[in-house]
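>
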Ligand code: NAD
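Residue numbers (this note's numbering): 1071 to 1533.
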């Protein structure tokens, strides 16, 4: 099939590359000339595991092309995907200007195409309920007829950054929102190779499809937030959130995923999608109270670790050097949009601390936003050298088993604030660290010898 993807960001680039990998001819379009220039030279603008191999193969085999020319891409393709930004507007609702602007341009291009053939315009961006109708109206406005000249389809994307290629190639489900049988058939044909193991392609109406994406993200954000609140309570009652996670995760009605307590959710999707759904709800006269609480709790959760650091140092961080491991909003990506690490860094700097940060992939993306207000370390050990404490903000695998003896010798004092609960509390006490994490008992250094070996110290000092 001939496909164009308008917007070559995280979603557009993965979408285009994976469709090409299945043998389709794909043209990716973006207005960012620098990005398109890079892609044409064979350079990937993002870090995403597994993307490079597909990208190189499909460029080499001439199934994957990049351009800034919307007109040529629209003309030559039957299915046009929109993978455009939908950032939050001032009131938190999704800004549809990118999507509707491109829809209007597509309408004009289709209208002026002498060899006018049927096209499908597929919306992959996360958009509020009713957007398919708006996109349709934009294209209709050019004098084209929906159902004859074109159809608009909602096809939300569920990929997770860090495993985006895997998610796209083997989706747990594909949601297609359309009332057109012709469009549903073409979409099914396009996606069948991706669900050969039997995962469903669910065809539904446009509005339900659009709502499905928001409901999925809002539910996951709520699940994380619920666990963060359980963690906060654990700290007050002397329970261990890790045990609670295991205890409830084994219940199949709850499930094991998204139960890890930490420093709140971030990234380019959850915060904006929860806000947008809450706003849609209010626009329709309904107060979605859980969502407002989720946003509020998440905000305070992101400030929690800095509060702990401040408390430890008696309320002032002036002149303290803090090492920070992890800048990306999650592991295996260089994406730092809405990263909790950035909230922490800004707060630490505001409190007068110096920050030395390390991340395996997200240094350049951080530098683009925070500049040189902090220093960037060469590796995890460089970061902790002469630091008063280590703060962990992202759960990269390489942080899981560092040389603790080295870390200890390089830090001014053996003190770790872990926002991702990477280590066992009793082991850290055994190793001689003051280890402060989220929702778990804090074992005091003075109890090292008693804790060693049994892991269940009766003299725990609670956080
Ligand atoms: P992104 O910012 O990485 O990419 C968007 C791209 O669109 C940019 O490269 C930008 O230059 C380009 N663009 C802007 N205006 C354009 C125009 N007029 N013509 C052509 N290109 C244009 O965004 P993203 O993370 O890929 O997200 C895109 C959409 O997908 C959003 O609605 C997002 O909510 C949704 N989504 C994102 C993820 C994710 O993990 N990133 C997952 C699922 C859904």
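Just so it is clear, CB atoms sit at the ideal spot from N, CA and C, and this is done for glycine as well. Note that this is a predicted model, so its numbers are computed, not measured.
1) Let me check you understand the geometry: is the CB of residue 1099 closer than 7 Å to at least one non-hydrogen atom of the ligand NAD?
2) From residue 1135 to residue 1099, what distance separates their C-alpha atoms?
3) Hey, would you say the C-beta of residue 1326 is under 7 Å away from at least one heavy atom of the ligand NAD?
4) Taking the alpha-carbon positions, what's the residue 1500 to residue 1493 distance?
5) Determine the DSSP secondary structure at residue 1196, reduced to helix, strand or coil.
6) For residue 1510, count neighbouring Cβ atoms within 10 angstroms of its own Cβ and tell me buried if that reaches 16, exposed if not.
7) DSSP three-state label for residue 1411, please.
8) Is the separation between the beta-carbon of residue 1147 and that of residue 1072 shorter than 8 Å?
9) Output the distance between the C-alpha atoms of residue 1191 and residue 1471, rounded to the nearest integer angstrom.
10) State the beta-bridge partners of residue 1072 as determined by DSSP.
11) Touch check for the segment 1253 to 1271 and the segment 1228 to 1236: three-plus C-beta pairs under 8 Å?
12) Check each candidate in 1319, 1080, 1469 and name the one with the smallest Cα separation from residue 1403.
13) Less than 7 Å between the CB of residue 1382 and some heavy atom of the ligand MN, yes or no?
14) Alpha carbon to alpha carbon, how far is residue 1369 from residue 1171? Give it in angstroms, no decimals.
15) My assumption, with CB atoms under 8 Å, is that residue 1288 sits in contact with residue 1361. Please give the rounded CB distance.
16) When you compare the CB positions of residue 1334 and residue 1270, do they come within less than 8 Å of one another, or not?
17) Which residue comes first and which comes last in the beta strand (DSSP E) that contains residue 1488?
18) Measuring only from the beta carbon, is residue 1087 closer than 7 Å to any heavy atom that is part of the ligand NAD?
19) Within the same chain, show all residues whose beta-carbon is closer than 8 Å to that of residue 1407, passing over the 5 residues directly before and after it, in chain order.
20) Can you grab the Cα-Cα spacing for the pair residue 1389 / residue 1283, in whole Å?
21) Pull up the distance between the alpha-carbon of residue 1111 and that of residue 1105, whole angstroms please.
22) Any chance the CB of residue 1304 is under 7 Å from a heavy atom of the ligand NAD?
23) In terms of residues, what are the limits of the beta strand (DSSP E) holding residue 1277?
24) Hey, would you say the C-beta of residue 1078 is under 7 Å away from at least one heavy atom of the ligand NAD?
25) To the nearest angstrom, how far is the alpha carbon of residue 1155 from that of residue 1125?
26) Quick one: what does DSSP say residue 1088 is sitting in, helix, strand or coil?
27) Given this structure, state the Cα-to-Cα distance separating residue 1475 from residue 1412, to the nearest angstrom.
28) Check residue 1153 in the structure and name its three-state DSSP category.
29) To the nearest angstrom, how far is the alpha carbon of residue 1087 from that of residue 1096?
30) Are the CB atoms of residue 1219 and residue 1186 nearer to each other than 8 Å?
31) Using only the alpha-carbon positions, how far apart do residue 1074 and residue 1242 sit?
32) Can at least three beta-carbon pairs, one atom from the segment 1371 to 1378 and one from the segment 1443 to 1451, be found at a separation below 8 Å?
33) Take residue 1391 as the anchor and find which of 1365, 1366, 1422, 1385 has the nearest alpha-carbon.
34) Under a Cβ-count criterion, where at least 16 other Cβ atoms within 10 Å of its own Cβ denotes burial, should residue 1103 be classed as buried or exposed?
35) Looking at the ligand NAD, does it come within less than 7 Å of residue 1082, judged from the CB to the closest heavy atom?
36) Is the distance from the Cβ of residue 1195 to the Cβ of residue 1152 below 8 Å?
Here's the rundown:
1) yes
2) 9 Å
3) no
4) 12 Å
5) coil
6) buried
7) helix
8) yes
9) 48 Å
10) 1095
11) no
12) 1080
13) The ligand content of the structure shown is limited to the ligand NAD, which means the ligand MN is not among them.
14) 32 Å
15) 6 Å
16) no
17) 1485 to 1488
18) no
19) 1336, 1337, 1338, 1399
20) 45 Å
21) 10 Å
22) no
23) Note, residue 1277: premise wrong, no beta strand (DSSP E); alpha helix (DSSP H) at 1276 to 1307.
24) yes
25) 22 Å
26) helix
27) 28 Å
28) coil
29) 8 Å
30) yes
31) 24 Å
32) no
33) 1422
34) exposed
35) yes
36) yes
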